[in-house]
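Asks: Got a structure for you, written out below as structure tokens; questions coming shortly.
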Amino acid sequence: MGSRVKGLLLMRGKIPNKKSNPPARVEDRISKLPNEVLCHILSFLPTKYAVRTSILSTRWKNVWAFVPNLDFKYVEAKSYFFNKKKDKSTSARFFTFVDRVISVRGSADIKKFCLHCSCGSKDFARIVGWIQTAIQHNVVELDLCFETTDKDLAFELPQFIFMCKTLVVLKLRSNCITNAPLASGCFPSLKILHVRVEYPVNDSMEKIFSCCPVLEDLTIDGLLTIDGLLGSDDVLNFKISAPELKILKLILPHRDWVGDHDHQYCFLINCPKLENIDLKQDILSKYLFKNAKSLVKASLNLFTHAVADLQPDFSNRANALLAGISNVKYLSLSAHVWEACCVPAFDNLNELKLVLHDCYNWDLLTELLKRSPNLEHLFLEHENDEECICSDEEYSEDGSSKVEYSEDGCSNAEKWNTPDFVPICLVSHLKTISIRGFQGHLHEREAAKYLLENGEVLRKMTIYTGDFLPAKEKIYKEFSMFQRGSRTCQVEFIEEAGSSFDNDYVY
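Here you go:
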């Protein structure tokens with residue numbers, strides 16, 4: 001921001017001239033802009049920088065006070081060597097600054113109020129007052145993040161927020177929802193709710209989701225735990241019921257390693273207008289969908305590679321989840337844990353992204369092609385995975401490897417098994433294939449060869465490589481010799497960014 005202020009100051013003043021010629025004046029065009037335009041420009045800056053523009057001239061003195069967005073951020077440093085007395089002084093100045101800004105603004109409406117700060121219990125009443133002021137000034141978006149310095153006390157979201165009629169966007173990044181709203185009809189205008197808390201799955205959160213009549217976009221990011229939450233049946237049912245919800249994103253790793261227990265989470269999703277779902281977990285929970293016919297796009301990512309082996313009922317959960325989203329047109333899967341036997345029919349699927357970890361799991365690809373008769377676009381992406389247990393070398397007591405390798409050097413997990421059938425999508429629908437992270441292994445080349453030979457309407461195969469690709473000239477030549485089911489199909493090799501090999505190859 002310093003350079004921007006300096007630039008504005010130079011526009012008003014004189015630019016030094018090395019020669020003895022009379023200094024030229026630069027016209028200050030920015031200051032001549034209407035207040036509405038200047039406020040719009042300043043609305044993209046943190047409030048502390050917007051306030052600093054008041055030193056530019058009398059024209060700028062009070063412009064910042066009419067900016068509709070307020071953005072306050074202060075997080076206490078946690079360094080061992082940090083001066084605690086200095087930090088307390090900085091904290092006091094921050095709270096005083098927020099007080100002064102809010103008081104100077106007067107009755108002007110607040111469009112967005114962003115507050116990220118470290119605070120203690122002594123500051124809670126002050127913060128509640130700021131939030132109340134924002135609501136009284138017709139706030140549209142609240143972005144709140146509190147890091148409490150008192151370990152045993154957490155800031156609690158005040159009840160009056162739930163009844164705010166103008167609030168459309170609410171983003172929370174702290175454990176501040178401890179009590180459910182006391183009255184029905186909360187958040188009458190709320191369309192976007194992003195919650196990032198430590199343990200989000202509780203009764204209060206569930207009641208909030210069910211009370212938002214126009215909610216369209218919901219993100220829940222936090223940890224799942226079994227401590228003190230589960231009943232005698234060892235099952236916790238968590239309902240997400242929102243009649244207008246279109247986008248649902250769940251990022252829910254487990255705090256406890258529940259693979260050794262019979263505990264489970266069951267998510268009951270009743271959102272008849274849901275179009276997009278994005279799930280990220282390490283241990284797969286149980287998902288039951290009701291009224292999911294509007295679903296168009298799904299992304300499923302399980303971080304932990306061993307989950308399928310450690311969850312006895314993993315196949316049942318995976319099968320139920322995939323069946324619940326089988327109407328989608330766009331699907332993204334991390335391939336390292338899904339079993340081919342769990343794949344339902346994806347009759348509407350138009351675009352598939354399959355993230356291949358070091359185990360590749362080619363059998364899942366062939367099963368998905370078989371089950372997706374209308375597939376037109378295929379994206380294969382390899383990601384290096386240090387935790388990929390399928391690619392780890394296991395040894396018996398005598399020191400011999402337990403992993404079985406074929407003559408071509410591939411493990412069972414990596415080996416490409418050519419199907420004895422040609423999927424309908426390859427014959428009549430598949431138009432483009434993109435392979436990213438290609439390393440030139442034999443099983444990769446065999447998979448690409450199969451797709452090229454049987455893709456009768458294939459228009460283009462794009463293969464992204466890096467400068468690590470061994471014998472690249474030989475591989476390029478090999479691909480140029482492959483038979484193709486489509487005479488018009490073009491194969492293009494593209495070097496990834498950072499490669500020392502500049503030329504792309506097109507065949």
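In UniProt numbering, the protein residues as written are 1 to 507. Glycine included, each C-beta is placed from N, C-alpha and C at the ideal position.
Just to confirm the assignment, what range does the alpha helix (DSSP H) spanning H40 have?
Replies: 35–42 is the span of the alpha helix (DSSP H), which, as asked, contains H40.
Asks: To the nearest whole angstrom, what separates the beta carbons of A292 and N319, a pair I think is in contact under 8 Å?
Replies: So it is not a contact: roughly 15 Å between Cβ atoms.
Asks: Apart from the five residues just before and just after L295, which ones in its own chain have a Cβ nearer than 7 Å to its Cβ?
Replies: Once the five neighbours on either side are set aside, the close Cβ partners of L295 are L274, E275, I277, I325, N327, V328.
Asks: Does DSSP put H443 in a helix, in a strand, or in coil?
Replies: Helix, per DSSP.
Asks: Do you know how far the Cα of P68 is from the Cα of D109?
Replies: Taking the straight line joining both Cα atoms gives about 6 Å.
Asks: Kindly say whether E496, judged by its beta-carbon, lies nearer than 7 Å to any beta-carbon of chain B.
Replies: Judged by its chain identifiers, the structure shown contains no chain B, having just a single protein chain.
Asks: Give the DSSP-derived three-state secondary structure of I110 in the structure shown.
Replies: Coil, per DSSP.
Asks: What would DSSP say about T488, mapped onto helix, strand or coil?
Replies: Here T488 sits in coil by DSSP.
Asks: Mind checking which residues open and close the beta strand (DSSP E) that includes C266?
Replies: Taken as a continuous stretch (DSSP letters only), the beta strand (DSSP E) holding C266 covers 264–270.
Asks: Can you check which of these residues, E156, F94, K171, L190, is closest to M163 by C-alpha distance?
Replies: Considering only alpha carbons, the answer is L190.
Asks: Count the other CB atoms, across all protein chains shown, that sit within 10 Å of the CB of R317; report buried if there are 16 or more and exposed otherwise.
Replies: R317 is buried by the Cβ-count criterion.
Asks: State the Cα-Cα distance for the pair L157 and C176, rounded to the nearest angstrom.
Replies: Rounded to the nearest angstrom, the two C-alpha atoms are 5 Å apart.
Asks: How would you call P34, buried or exposed, if buried means at least 16 neighbouring beta carbons within 10 angstroms?
Replies: Flag for P34 reads exposed.
Asks: So who's on the other strand from E495, going by DSSP bridges?
Replies: DSSP, once it has assigned bridges, lists T465 as partnering E495.
Asks: Less than 7 Å separating the beta-carbons of L369 and V343?
Replies: No, the Cβ-Cβ distance between L369 and V343 is not below 7 Å.
Asks: In terms of residues, what are the limits of the alpha helix (DSSP H) holding I424?
Replies: Looking at the DSSP string, the run of the alpha helix (DSSP H) that includes I424 is 424–428.
Asks: According to DSSP, is D143 helix, strand or coil?
Replies: Residue state, collapsed to three classes: strand.
Asks: In the DSSP assignment, what are the bridge partners of L364?
Replies: None; L364 has no bridge partner.
Asks: Below 7 Å between beta carbons: does that hold for S121 and E147?
Replies: Cβ distance not < 7 Å, so S121 and E147 don't count as in contact.
Asks: The beta strand (DSSP E) spanning I435 covers which residue range?
Replies: Looking at the DSSP string, the run of the beta strand (DSSP E) that includes I435 is 432–436.
Asks: Of all the options R25, V75, R105, which has the alpha carbon lying nearest to the alpha carbon of A50?
Replies: Out of R25, V75, R105, R105 has the C-alpha closest to the C-alpha of A50.
Asks: Count the other CB atoms within 10 Å of the CB of F493; is the residue buried (16 or more) or exposed (fewer)?
Replies: By the 10 Å Cβ count, F493 comes out buried.
Asks: Counting C-beta neighbours from all protein chains within 10 Å, is the total for R25 16 or more, i.e. buried, or is it exposed?
Replies: Answer is exposed; the Cβ neighbour count stays below 16.
Asks: Sorted by chain position, which residues of the same chain lie with C-beta nearer than 8 Å to T488's C-beta, five sequence neighbours on each side aside?
Replies: Correct list, in chain order: R459.
Asks: Less than 7 Å between the C-beta atoms of L333 and L302, yes or no?
Replies: No, these two residues do not count as a Cβ contact at 7 Å.
Asks: In the DSSP output, what is A298 paired with across the bridge?
Replies: Answer by DSSP bridge pairing, in chain order: I277, L331.
Asks: On a Cα-Cα basis, can you pick out the residue from D28, E456, Y74, R445 that is closest to C479?
Replies: It should be noted that the sequence gives Phe, not Cys, for residue 479. Closest by alpha carbon: R445.
Asks: Check T148 in the structure and name its three-state DSSP category.
Replies: Note: T148 maps to strand in three-state DSSP.
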